[in-house]
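Q: One structure follows; several queries about it will come next.
In this note's numbering, the protein residues as written are 1 to 1053.
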């Protein structure tokens, strides 16, 4: 009979183990395979050809040919395994980079020709099309094989990769699929033995003639050695034959380029920070497992080579110290290696607190498989107490139902046994041991529940507990829960036996399907239900968060990987019952469960697991789903750090410092906590009871304002669908969460506050006018004065808001009054930033406007700055209140002081505006402001500029003037004569000040300054005389500055 079809591994085509239908048995016609072929197959896969020759003095040629024929590999699975790394290529590439796929294309396109098998050596030519504008390329391929394994390959493409090139694949597949078309010859030594001397001489000479440029030097050297009596070649019996197969002592294994593997790993480690390198390393580890599962000795060889490269990399210690990026596998090995790698291994083993690579290796080395109880578990599905007793062991070997237990070692080690059996191709034994482990876990869980019930009252009074599992199962280096789940799920997986290499839909991820597979010897049990139960036991275990960034990250990733496995499983009624039972036991698990009533402060939170359980249980048992999820909202490490009512010093900082061990993944855990809360809020829409329960849990357990704000936004969005009425309860919860965020961040400087305030007003608007007025009336505890005056009051009274609220006139006026009151309160609290917004908001109400104006006047006496006063004054003028603008301008001038050298002072434009305003109001206002100008401004150019502006036209001629003057004011008459005197004095003072420290490069600037001074002097009746006296005084005082005085004389005489 034909051997069974091989299942397809990833990247490998499925199909019959043999593709040589025409070479052996005639299939499909009812004729059995020949006895010669049946026996030749067994010999070909088990015996080296040398052993056949030694065992039998004469082997008939037909028998030799059948043995040689069947010695080539018969399964495409191994060819695929050695020609594809096993990673998923980017979408759309259809595995085009994989050598196996390329080789299959070459075979199907007829690129293989001149195939010849001589003994245990196969050769052929592969014609590969060139690129655009390139000629066709021809590659010569040679393959040696022995006992159904390829032992060496050679190709003209000079491939330097881990595995076989596409040309080797094409030739191998041709030999498997079209074996009857391959010309077959016995080993060349058999052919030569049939020749006489003349034939041998002719053979050698023709061979040399055909390849004289390559073999002639070698042929001559060999001839010389053979003719030399006593030479080494004459002392050896026989001669080598590369086509005669392997010797008895030769190892029988597939060809593996060890040097290339070492080089590849070294190169990938040097590129450890890149995603592609990390992916390839993972694929290489997966390839090791694939080889081990097929019981291929190269799996162990490849793993040893890779491990040596990891440990020999000189940068490993440096990377660890610097915290630089490394691939996960490299970091995993190094983290487990630990800083004690040079200690005595036995001490590491006995210490127990630190499990290093050496410690685990020694533990693995001390493991054995000879235990009678273990052997019986592995050997039979029907092992029971009826067949054996406890054998004097102090540990139980069966549970009360008579099912076998395995308590011989720690749980992770036991699970590693399951993974080992599965990886080395013993799936049935792996399932038997896995079943015994599950039985053991169930028994331990029952005992734990009994212990907790006895101590429950004491623990609840104490309110805290010690951790019962220092080294948790999820995130453990041996991944015990993952090993167990994958072994159980693999037995239940439905997968097509044959899959096309290129499906029409492209490389889309296939939907995994599972079915219930009964557990032999355990009626009513299913491997699928067991897998779910084990996963929940591990995920729900209360365990301490490990130290170190990588170890903590590994906990998160391991948890996500397990949940991804569970999400592939479609829940039926059986599995739902398992879920409900486990969820109930987790809630009642006490200190052994992460969902128990009492938690250890450093325990890993259950948010991610709870979200899966909540989603899965909600359609079947909502009450249990909510109870479980609400219990899981806890984050003890934060709740003990920040007791209720005591916010952290910086509420936006979720990373706690000065802690040991540090929680590097705290931000991630808080995000998962938020996602769980969001899932509950969304699911509870329309159910006030659960909505308020979830709100209480959120307010008690979530301490990050950013996450609370996100929850509030999500709740508001869920509560206000576009095509349905809003959920008022959920809207109220969103508003309550937003108010909590406002209170938490009131004294925190953050750019997100403005966004939060705008959203809160929008949410209150969705609820109604009363909610909006409530936040206005209670603004002190929620907003800063600026936020309340510029965002809350303004946004709450915009046209769009009023339309949204659809208020009648009375309610609209009530809202306006509330906003005005808010604005006035803000102006009193912070007049500097809120006075102008308050005035703007109160424009349409005379009383409120007057109150706001009075607040500004009072603030001016209390130190309100000139810049703000000028701003409000300009606003008053713009609103048609020039006298009030004038009043505020004079108050601003009273606070202003511009020195002689501050001609670019920021208030220059405001001063000029104030002077223009007073001039437009009339002579009286202008006369009143002149003393203020003289007292506040000491800059000569500014004073002269103001003076010149006031003399250009008569006062009171502006559009706001109340009266007209007959003619412009003279600079030599009141009230401008005082300003003229002040300007002249300022020029004199400034000139002396500048000359005190003047340098030659500033002489020209000073001459220009004197020119402007003369223009101001000349505005006075005796200005010419005053300026001449001023110049004479300068010449006498600064006669030492000869060059400067020369320039003064040249310009002014």
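All residues carry an ideal CB built from backbone N, CA and C; glycine is no exception.
Does the beta-carbon distance from residue 888 to residue 936 come in below 8 Å?
A: Result no, Cβ atoms of residue 888 and residue 936 do not sit closer than 8 Å.
Q: Could you pull the DSSP bridge partners for residue 404 from this structure?
A: BP columns for residue 404 point to 398.
Q: Less than 7 Å between the CB of residue 131 and some heavy atom of the ligand ADP, yes or no?
A: In the structure on display, the ligand ADP does not appear, and there are no ligands present to speak of.
Q: Tell me which same chain residues have a C-beta within less than 7 Å of the C-beta of residue 414, skipping the five on either side of it?
A: Excluding residues within five positions, the ones whose Cβ falls inside 7 Å are 406, 437.
Q: Smallest Cα separation from residue 166: which of 126, 202, 204?
A: That would be 126, whose Cα lies nearest to the Cα of residue 166.
Q: For residue 626, count the other beta carbons within 10 Å of its own beta carbon; 16 or more makes it buried, fewer makes it exposed. Which is it?
A: With 16 or more other Cβ atoms within 10 Å, it is buried.
Q: So residue 433 and residue 492 are supposed to be a Cβ contact under 8 Å. How far apart are they, rounded?
A: Not confirmed; about 17 Å, so no contact.
Q: How should residue 218 be labelled, buried or exposed, when 16 other C-beta atoms within 10 angstroms of its C-beta is the threshold for buried?
A: By the 10 Å Cβ count, residue 218 comes out exposed.
Q: Run the CB neighbour count on residue 751, radius 10 Å, all protein chains shown included, and call it buried at 16 or more, exposed below.
A: Exposed, since its Cβ has fewer than 16 Cβ neighbours within 10 Å.
Q: Would you call residue 792 buried or exposed, if buried means 16 or more other Cβ atoms sit within 10 Å of its Cβ?
A: When all chains shown are included, residue 792 counts as buried.
Q: With burial defined as no fewer than 16 other Cβ atoms inside 10 Å of the residue's Cβ, what is the status of residue 404: buried or exposed?
A: Buried, because 16 or more other Cβ atoms sit within 10 Å of the Cβ of residue 404.
Q: Cutting at 6 Å between CB atoms, please list the residues of its own chain near residue 117, excluding the five before and the five after it.
A: Counting only Cβ-Cβ distances below 6 Å, and skipping sequence neighbours, we find 182, 184.
Q: Between 989, 1019, 993, 1032, which lies nearest to residue 976 when the distance is taken from Cα to Cα?
A: The residue with the shortest Cα to Cα distance from residue 976 is 1019.
Q: Identify the residues that DSSP records as bridge partners of residue 310: which are they?
A: According to DSSP, residue 310 bridges with nothing at all.
Q: Give the straight-line distance between the Cα atoms of residue 666 and residue 601, rounded to the nearest whole angstrom.
A: Distance between the alpha carbons of residue 666 and residue 601 is about 14 Å.
Q: Out of 399, 50, 63, which has the shortest C-alpha to C-alpha gap to residue 34?
A: Checking every option, the nearest Cα to that of residue 34 belongs to 63.
Q: Apply the 10 Å Cβ neighbour rule to residue 909 and answer buried if 16 or more other Cβ atoms are within range, or exposed otherwise.
A: Under this definition residue 909 is an exposed residue.
Q: Taking residue 448 as the reference, give the member of 950, 287, 537 with the closest Cα.
A: Taking only the C-alpha atoms, the option nearest residue 448 is 537.
Q: Starting from residue 699, trace the alpha helix (DSSP H) both ways and give me its first and last residue.
A: It spans 688-701 - the alpha helix (DSSP H) in which residue 699 sits, taken as one unbroken run.
Q: Does DSSP put residue 1059 in a helix, in a strand, or in coil?
A: There is no way to answer for residue 1059, as the model of the chain reaches only from 1 to 1053.
Q: Can you list, in chain order, the residues of its chain with a C-beta nearer than 8 Å to that of residue 835? Leave out the 5 residues immediately preceding and following it.
A: Around residue 835: 827, 852, 855, 856, 859, 864, 868, 872.
Q: Does DSSP put residue 121 in a helix, a strand or coil?
A: Residue state, collapsed to three classes: strand.
Q: So, helix, strand or coil for residue 65, using DSSP?
A: Residue state, collapsed to three classes: helix.
Q: Can you list the alpha helix (DSSP H) stretches of 4 or more residues lying completely in the segment 796-826, in chain order?
A: Correct list: 799-805.
Q: From the DSSP output, read off the bridge partner residues of residue 60.
A: Note: residue 60 sits in no beta bridge, so no partner.
Q: Any contact between the segment 206-213 and the segment 188-196? By contact I mean 3 or more CB pairs, one from each, below 8 Å.
A: No: the two stretches stay apart, fewer than three of their Cβ pairs being nearer than 8 Å.
Q: Assess, as a yes-or-no matter, whether the segment 610-627 is touched by the segment 472-482 under the definition of 3 or more beta carbon pairs within less than 8 Å.
A: Not touching, per the Cβ criterion.
Q: Please state whether the Cβ-Cβ distance between residue 61 and residue 173 is less than 8 Å.
A: Cβ distance not < 8 Å, so residue 61 and residue 173 don't count as in contact.
Q: On the three-state DSSP scale, how would you describe residue 186?
A: Residue state, collapsed to three classes: coil.
Q: Mark residue 780 as exposed unless 16 or more other C-beta atoms lie within 10 angstroms of its C-beta, in which case mark it buried.
A: So residue 780 ends up on the exposed side.
Q: So residue 805 packs on residue 823, CB below 8 Å; how close in whole Å?
A: Residue 805 to residue 823, Cβ: 19 Å. No contact.
Q: Any idea which residues DSSP pairs residue 155 with across the strands?
A: According to DSSP, residue 155 bridges with 141.
Q: Taking all protein chains shown into account, decide if residue 103 is buried (16 or more other Cβ within 10 angstroms of its Cβ) or exposed.
A: With 16 or more Cβ atoms within 10 Å of its Cβ, residue 103 is classed as buried.
Q: So which of 685, 628, 818 has the shortest CA-CA distance to residue 845?
A: When each option's Cα is compared against that of residue 845, the closest is 818.
Q: Just verifying my parser: in three-state terms, what is the DSSP assignment at residue 998?
A: In this structure, residue 998 counts as coil in the three-state DSSP scheme.
Q: Below 8 Å on the Cβ atoms is my contact criterion, and I expect residue 617 with residue 672 to pass it. Report the Cβ-Cβ distance as a whole number of Å.
A: Not confirmed; about 18 Å, so no contact.
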